[in-house]
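A.B. asks: Below is the structure I would like to discuss, written out as structure tokens.
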Amino acid sequence: MSTIKIDRLVKRWGDFTAVDDISFETGEAEFVALLGPSGCGKSTTLRLIAGLEEPSAGRIVLDNRDLTNVVAAKRNLSMVFQSYALFPHLNVADNILFGLSVRRVPRAEQRKRLEETARLLGLTPLLERKPSQLSGGQQQRVALGRALISQTKVCLLDEPLSNLDAKLRAEMRNEIRSLQRRLGITMIFVTHDQTEAMSMADRVILMNQGKVEQAGPPSELYERPASTFVAGFIGVPPMNVLDLDERGAVAGTDLVVAAEAGAGLQLGIRPEHVELAPEGLPADVETSEYFGADSIVACRAGDQRINLRVPGPPTLDAGARVHLRLPPEALHFFDRQTTLRRD
Ligand code: ATP
Numbered sequence: 001m002s003t004i005k006i007d008r009l010v011k012r013w014g015d016f017t018a019v020d021d022i023s024f025e026t027g028e029a030e031f032v033a034l035l036g037p038s039g040c041g042k043s044t045t046l047r048l049i050a051g052l053e054e055p056s057a058g059r060i061v062l063d064n065r066d067l068t069n070v071v072a073a074k075r076n077l078s079m080v081f082q083s084y085a086l087f088p089h090l091n092v093a094d095n096i097l098f099g100l101s102v103r104r105v106p107r108a109e110q111r112k113r114l115e116e117t118a119r120l121l122g123l124t125p126l127l128e129r130k131p132s133q134l135s136g137g138q139q140q141r142v143a144l145g146r147a148l149i150s151q152t153k154v155c156l157l158d159e160p161l162s163n164l165d166a167k168l169r170a171e172m173r174n175e176i177r178s179l180q181r182r183l184g185i186t187m188i189f190v191t192h193d194q195t196e197a198m199s200m201a202d203r204v205i206l207m208n209q210g211k212v213e214q215a216g217p218p219s220e221l222y223e224r225p226a227s228t229f230v231a232g233f234i235g236v237p238p239m240n241v242l243d244l245d246e247r248g249a250v251a252g253t254d255l256v257v258a259a260e261a262g263a264g265l266q267l268g269i270r271p272e273h274v275e276l277a278p279e280g281l282p283a284d285v286e287t288s289e290y291f292g293a294d295s296i297v298a299c300r301a302g303d304q305r306i307n308l309r310v311p312g313p314p315t316l317d318a319g320a321r322v323h324l325r326l327p328p329e330a331l332h333f334f335d336r337q338t339t340l341r342r343d
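Position one of the sequence shown corresponds to residue 1 (UniProt numbering), numbered consecutively onward.
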């Protein structure tokens, strides 16, 4: 089993900083998701770990071995790319075996590992096919097979599911996760899709503009967001973040929610925690969206937008006046200036 430690990693191109002093450590056989909006530096971080980019500062340590100045081929890590990077002229078997042939692993050992890997991934009947004769999901499995056959203890994956349709993505999420558990390897998985990160990872590292905003188990990011960025990124739809006035009331209303002067604060509440009640915060329904099991109703209270989640189909028409209860135990507070959580 292996762990990777990232220590104050920086990557600059000219005066642009793509990765800005980030540190984290994986546990053994842990599944870690690097999550964040487009351009936040996730892929660059993964490429730095892989040795495909050179850091401007900082260190990468695998177990007790400093990899920072080790070339990519000698790092003993495997990688799966978004594009799969399969060779079109090679069949599935040779695509999977490619890395082993390059490393001159003996033929008998190659055959044995190919059989095992193909069985693991359900590719045995497809070994003679060319990539063009495979579905997207099958190509994805071949790319995964090529990484897994190398038997490295750490596997890096860069948006490996983004070319698949929604149903296949969901299937592959489970497949990759159970493979990772079964093989006991550490996986670092880059994604901009929070559902993917939240459903697969033991730990999520949420990045924003080259920095780590919060790192922790998915439930921690959901239940105790460390900043308004995290609050506004995690959750579909995300947490409501409302301005408070100097009285501690929701701006534009008379509902006081904070005992102390609230002008420097913002209030966070998840849509599922907002309740319809006979009295409370007066709000007007603007739109409703039906998702099957529940609906999201968007309301306006004073000058603030607030979403609430109600079970089943929407029963409230646009323009209806409702009253919302914001249960005190469900409230989060953030400092407006620093954007950080206040406890
Ligand atoms: P995405 O989800 O869109 O792939 P990302 O979070 O993976 O985004 P990166 O690919 O790591 O983002 O890029 C981070 C920033 O660094 C981006 O602004 C990108 O334009 C910039 N960048 C990436 N590679 C280079 C390069 N070779 N030269 C200059 N800037 C680069």
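C-beta atoms are modelled at their ideal positions from N, C-alpha and C, and glycine is treated no differently.
Using beta-carbon positions only, say whether Glu-54 and Thr-44 come within less than 8 Å of one another.
C.D. replies: It is not a contact, given that the beta carbons lie outside the stated cut-off.
A.B. asks: With Thr-195 as the anchor, note down where its alpha helix (DSSP H) starts and where it stops.
C.D. replies: First-last of the alpha helix (DSSP H) with Thr-195: 194 to 200.
A.B. asks: Compare the C-alpha of Asp-343 against each of Asp-284, Glu-223, Tyr-84 and name the closest.
C.D. replies: Of Asp-284, Glu-223, Tyr-84, the residue nearest in Cα terms is Glu-223.
A.B. asks: Are the beta-carbon atoms of Ile-96 and Gly-145 separated by less than 8 Å?
C.D. replies: For Ile-96 and Gly-145, yes; Cβs fall inside 8 Å.
A.B. asks: So Val-154 packs on Ile-185, CB below 8 Å; how close in whole Å?
C.D. replies: Sure, about 7 Å apart at Cβ, within 8 Å.
A.B. asks: Determine the contact status of Leu-67 and Val-204, defining contact as a CB-CB distance below 8 Å.
C.D. replies: Result no, Cβ atoms of Leu-67 and Val-204 do not sit closer than 8 Å.
A.B. asks: According to DSSP, is Ile-176 helix, strand or coil?
C.D. replies: Helix at Ile-176.
A.B. asks: Let me have the residue list for the ligand ATP: C-beta closer than 5 Å to any non-hydrogen atom, ordered along the chain.
C.D. replies: Going along the chain, the residues that qualify are Trp-13, Ala-18, Ser-38, Gly-39, Cys-40, Gly-41, Lys-42, Ser-43, Thr-44, His-192.
A.B. asks: Note the first and the last residue of the continuous alpha helix (DSSP H) segment covering Asn-95.
C.D. replies: Element bounds for Asn-95: 92 to 102.
A.B. asks: Whose C-beta lies closer than 8 Å to the C-beta of Asn-307 among residues of the same chain, with five residues either side of it excluded?
C.D. replies: Here the set comprises Pro-237, Asn-240, Pro-271, Val-274, Ile-296, Val-297, Ala-298, Cys-299.
A.B. asks: Taking DSSP as the reference, what is the three-state secondary structure of Ala-50?
C.D. replies: Correct three-state label for Ala-50: helix.
A.B. asks: So is Gly-27 buried or exposed if we call it buried at 16+ other beta carbons inside 10 Å?
C.D. replies: Gly-27 should be labelled exposed.
A.B. asks: When you compare each of Tyr-84, Ser-162, Val-322, Gly-248 to Leu-331 by their alpha carbons, which one comes out closest?
C.D. replies: Nearest option by C-alpha distance: Gly-248.
A.B. asks: Contact between the segment 161 to 174 and the segment 5 to 18 is defined here as three or more beta-carbon pairs at a separation below 8 Å; is this criterion met?
C.D. replies: Contact between the segment 161 to 174 and the segment 5 to 18 is absent, because fewer than three Cβ pairs lie under 8 Å.
A.B. asks: Is Leu-221 closer than 8 Å to Val-250 when the C-beta atoms are compared?
C.D. replies: Not in contact: Val-250 and Leu-221 (Cβ atoms no closer than 8 Å).
A.B. asks: For the beta strand (DSSP E) containing Arg-75, list its first residue and its last residue.
C.D. replies: Element bounds for Arg-75: n/a, residue is neither H nor E.
A.B. asks: Nearest CA to the CA of Glu-196: which residue from Pro-88, Leu-179, Pro-218, Ile-22?
C.D. replies: Checking every option, the nearest Cα to that of Glu-196 belongs to Pro-218.
A.B. asks: Using the three-state DSSP reduction, which class does Ala-298 fall into: helix, strand or coil?
C.D. replies: Ala-298 falls in the strand class under three-state DSSP.
A.B. asks: Between the beta-carbon of Val-190 and the beta-carbon of Leu-46, is there less than 8 Å?
C.D. replies: Yes, they are a contact pair.
A.B. asks: Let's test the definition: count the other Cβ atoms within 10 Å of the Cβ of Ala-277 and tell me whether it reaches 16, buried, or not, exposed.
C.D. replies: By the 10 Å Cβ count, Ala-277 comes out exposed.
A.B. asks: Could you name the residues of the same chain whose beta carbon sits closer than 7 Å to that of Met-172, not counting the 5 residues immediately before and after it, in chain order?
C.D. replies: Around Met-172: Gly-137, Gln-140, Leu-161, Leu-164.
A.B. asks: With burial defined as no fewer than 16 other Cβ atoms inside 10 Å of the residue's Cβ, what is the status of Ser-150: buried or exposed?
C.D. replies: Looking at its Cβ environment, which holds 16 or more other Cβ atoms inside 10 Å, Ser-150 is buried.
A.B. asks: Could you check whether Met-187 and Phe-31 sit closer than 8 Å to each other, using their CB atoms as the reference points?
C.D. replies: Yes, these two residues count as a Cβ contact at 8 Å.
A.B. asks: What distance in whole Å lies between the Cβ atoms of Gln-82 and Glu-159, which are believed to be in contact at a cut-off of 8 Å?
C.D. replies: With 8 Å as the limit, Glu-159 and Gln-82 qualify as a contact, their Cβ atoms being about 4 Å apart.
A.B. asks: According to DSSP, is Arg-129 part of a helix, a strand, or is it coil?
C.D. replies: Three-state DSSP puts Arg-129 in coil, outside helix and strand.
A.B. asks: In chain order, what residues of the same chain lie with their CB nearer than 8 Å to the CB of Leu-265, ignoring the 5 residues before and after it?
C.D. replies: Within the same chain, Leu-265 has close Cβ partners Leu-244, Gly-248, Ala-258, Phe-333, Phe-334, Asp-335, Arg-336, Arg-342.
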